[in-house]
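J.: Have a look at the structure that comes next, please.
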Amino acid sequence: MFATGEVDVLTAGRLRASVNKALREAENRPVVVDLTAVTFLGSHGLAALADAASTAQQRRDPLRVVVDVVDETPAVIRPLQITGLDGVLSLYYSVEEALPQ
Numbered sequence: 005m006f007a008t009g010e011v012d013v014l015t016a017g018r019l020r021a022s023v024n025k026a027l028r029e030a031e032n033r034p035v036v037v038d039l040t041a042v043t044f045l046g047s048h049g050l051a052a053l054a055d056a057a058s059t060a061q062q063r064r065d066p067l068r069v070v071v072d073v074v075d076e077t078p079a080v081i082r083p084l085q086i087t088g089l090d091g092v093l094s095l096y097y098s099v100e101e102a103l104p105q
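Heads up: the sequence shown begins at 5 in this note's numbering, then just goes up one per residue.
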C-alpha cells in the first residue's frame with residue numbers, strides 16, 4: 005500500500021484504516037507501506053504508523069516502510085528519527101527491497 009501528499013490530522017485516519025486493512029488481509033505475509041510520495045508526516049500519521057508497527061510486531065513480522073533514498077524523504081525520515089520510530093519500523097529504500105524474497 006502507499007500514501008501520498010500530507011499525512012496529518014485530516015488524513016491520518018485513512019492511513020490507519022488502510023494499514024490496518026492490509027495487516028488483516030496479509031495473513032502471514034509482511035505489509036509494505038510506501039511513503040516515498042509523502043510530503044508531510046505529522047504526529048497523527050506517526051501515531052498511525054506506531055500503532056500499525058505494534059500490531060505487526062504481535063504478528064512477529066515488522067511493518068516494512070519504504071522511504072526515498074535519493075531525497076531521503078526528509079518530510080518522512082526526520083519525524084521518524086526524532087520520535088525513534090526509525091528503530092521500530094523496518095525501513096527500506098525501494099518497494100522491491102521491502103518485498104519478501
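Glycine included, C-beta positions come from ideal geometry on N, C-alpha and C.
1. Starting from the Cα of residue 37, find the closest Cα among 88, 62, 8, 91 and give me that residue.
2. Near residue 20, what residues of its chain come up, given a Cβ to Cβ distance below 6 Å and the 5 sequence neighbours on each side ignored?
3. Could you tell me whether the region 22-31 touches the region 84-98, where touching means 3 or more Cβ pairs closer than 8 Å?
4. By the 10 Å Cβ neighbour count, where 16 or more other Cβ atoms means buried, how is residue 82 classified, buried or exposed?
5. Do you know whose CA, among 104, 84, 66, 57, lies nearest residue 42's CA?
6. Among 24, 34, 39, 22, which residue has its Cα nearest to the Cα of residue 10?
7. Just to confirm before moving on: does the CB-CB distance between residue 102 and residue 70 stay below 7 Å?
8. When you compare the CB positions of residue 35 and residue 57, do they come within less than 7 Å of one another, or not?
9. So, with DSSP's three-state summary, where would you put residue 23?
10. Which runs of the alpha helix (DSSP H) spanning at least 4 residues fall entirely within the region 66-99, listed in chain order?
T.: Taking the geometry as given:
1. Of the listed residues, the one whose Cα sits closest to residue 37 is 8.
2. 52
3. no
4. exposed
5. 84
6. Of the candidates 24, 34, 39, 22, the one whose C-alpha sits nearest the C-alpha of residue 10 is 39.
7. yes
8. no
9. helix
10. 78-87
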